[in-house]
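Q: Numbering (the numbering used here), first residue to last: 522 to 814.
My questions all concern the structure below.
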Amino acid sequence: MAYVGRFAPSPTGPLHFGSLVAALASWLDCRHAGGRWLLRMEDLDQPRVIPGAADTILRQLQAFGLEWDGAVEYQSRRTGRYRDALRRLEGFTYPCGCTRRELEDSALAIDGSRIYPGTCRAGLAKEKAARQAPPAVRLRTGADPVRFTDRVQGAITQSVESEVGDFVLVRADGIFAYQLAVVVDDAAQGITDVVRGADLLDSTARQITLQRLLGLPTPRYLHVPVATNAAGEKLSKQTRAADAAEGDLARALEFLGMNAAHGYSPRELLGWAIQNWDVARIPRKRALIAGPY
Ligand code: GLU
522 MAYVGRFAPS PTGPLHFGSL VAALASWLDC RHAGGRWLLR MEDLDQPRVI
572 PGAADTILRQ LQAFGLEWDG AVEYQSRRTG RYRDALRRLE GFTYPCGCTR
622 RELEDSALAI DGSRIYPGTC RAGLAKEKAA RQAPPAVRLR TGADPVRFTD
672 RVQGAITQSV ESEVGDFVLV RADGIFAYQL AVVVDDAAQG ITDVVRGADL
722 LDSTARQITL QRLLGLPTPR YLHVPVATNA AGEKLSKQTR AADAAEGDLA
772 RALEFLGMNA AHGYSPRELL GWAIQNWDVA RIPRKRALIA GPY
């Protein structure tokens with residue numbers, strides 16, 4: 522199958538070193554395979570979207586020479602598709618009226634969120650149904666573990682039910698959740714290969730669960746280490762923006778296990794990297810210190 526890759530940033534700030542690494546890895550894997558590379562703005566979470574950030578990201582990608590194919594997709598314009606998918610999941614979903622506070626005592630998942638204890642599985646309790654706020658919609662998960670092989674991180678097994686719990690597809694504020702939107706869009710855009718940061722490795726089993734319920738294909742997955750500071754904290758959007766003029770490209774390549782000779786122009790560097798892209802060199806870690814940024 523012809524390779525189709527994608528980069529799917531959330532426009533909550535400019536690209537920083539960590540998101541540059543994800544974009545670069547995805548782009549190189551795609552170009553090395555002679556594939557098409559699509560761009561999708563994940564701008565559903567409007568309260569977190571920063572005006573102008575989407576355009577800034579597009580300009581940054583252009584400045585780095587990471588050219589994409591076709592028109593940029595915006596999730597905010599595709600909500601009809603998410604509504605259709607939700608309808609197809611009827612029978613596997615239920616309304617949930619639990620507040621954050623009510624879930625505070627639930628067990629912690631590996632990513633620091635709460636494992637949903639299934640409070641509303643058997644139906645909304647009267648006092649929850651009577652609340653003003655519309656309920657969220659959750660997916661009823663199963664006990665069977667989901668297994669997949671990540672091209673860098675290796676064999677992964679996750680029981681979504683016990684490790685994550687029934688997860689949210691529509692939030693109480695009416696916004697479609699990332700997990701649903703990403704699955705619908707990856708399939709609609711014909712994505713064969715997802716290459717992204719390992720902070721999303723633990724989301725993958727949820728996404729495969731949804732793909733199976735919706736009868737959609739599962740792409741190949743490759744999760745690159747997340748860039749952290751020396752204290753082990755993920756670089757955030759507060760970190761300075763990635764800069765094409767500052768050698769960030771060479772540093773991002775180094776982070777991915779590639780050491781180019783010095784003296785290349787950025788364009789030459791990318792050409793060299795496409796030729797020499799080697800997944801086996803990517804450190805098989807979920808997180809890696811990225812040096813001072
Ligand atoms: N929009 C997500 C983020 O910026 C990435 C989604 C994905 O690559 O699946 O973290």
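Idealized CB from N, CA, C, for every residue including glycine.
This structure is a prediction, so every number in the text was calculated from the model and none was measured.
Return the CA-CA distance between Q759 and D694, expressed in angstroms with no decimal places.
A: Those two C-alpha atoms are separated by around 26 angstroms.
Q: Using a threshold of 6 angstroms, is the CB atom of E462 nearer than that to any non-hydrogen atom of the ligand GLU?
A: Absent from the model: residue 462. The displayed extent of the chain is 522 to 814, so no value can be given.
Q: Taking 6 angstroms as the cut-off, is the beta-carbon of S531 closer than that to any non-hydrogen atom of the ligand GLU?
A: Yes, since a heavy atom of the ligand GLU falls inside the 6 angstroms radius drawn around the Cβ of S531.
Q: Please specify which runs of the alpha helix (DSSP H), each continuous and at least 4 residues long, are wholly inside the region 627-672, giving them in chain order.
A: Runs found: 647-650.
Q: Let me confirm a value: S540 is counted as buried when at least 16 other C-beta atoms fall within 10 Å, else exposed. Which label applies?
A: That one is buried.
Q: Report the three-state DSSP secondary structure of E594 (helix, strand or coil).
A: Here E594 sits in strand by DSSP.
Q: Our contact map puts T853 next to D687 with C-beta atoms below 8 angstroms; I'd like the distance itself, whole angstroms only.
A: Here the chain comprises residues numbered 522 to 814, so residue 853 is not present and cannot be evaluated.
Q: Whose C-alpha, out of D799, G768, P616, is nearest the C-alpha of Y785?
A: Comparing Cα positions, the closest option is G768.
Q: Name the residue from R580, S683, S724, A664 whose alpha carbon lies nearest to the alpha carbon of Y637.
A: Here the closest residue by C-alpha is S683.
Q: CA-CA distance, E477 and L629?
A: The structure shown does not extend to residue 477, since the chain is modelled only from 522 through 814, so no value can be given for it.
Q: Where do the N-terminal and C-terminal ends of the beta strand (DSSP E) with Q679 fall, by residue?
A: Per DSSP, Q679 belongs to the beta strand (DSSP E) from 675-679.
Q: Report all residues from its chain with a CB closer than 6 angstroms to the CB of W558; omit the five preceding and five following residues, and keep chain order.
A: Answer for W558: G526, W548, C551, W589, D590, listed in chain order.
Q: Which residue spans inside the region 551-632 form an unbroken beta strand (DSSP E) run of at least 3?
A: If we require 3 residues or more, the beta strand (DSSP E) runs fully inside the region 551-632 come out as 557-562, 614-617.
Q: Is there at least one non-hydrogen atom of the ligand GLU closer than 6 angstroms to the beta-carbon of R717?
A: Answer for R717: yes, Cβ within range of the ligand GLU.
Q: Measure the beta-carbon distance from Y603 to L701 and round it to whole angstroms, keeping in mind my assumption that it falls under 8 angstroms.
A: Going by Cβ atoms, the distance from Y603 to L701 rounds to 6 angstroms, so yes, they are a contact pair.
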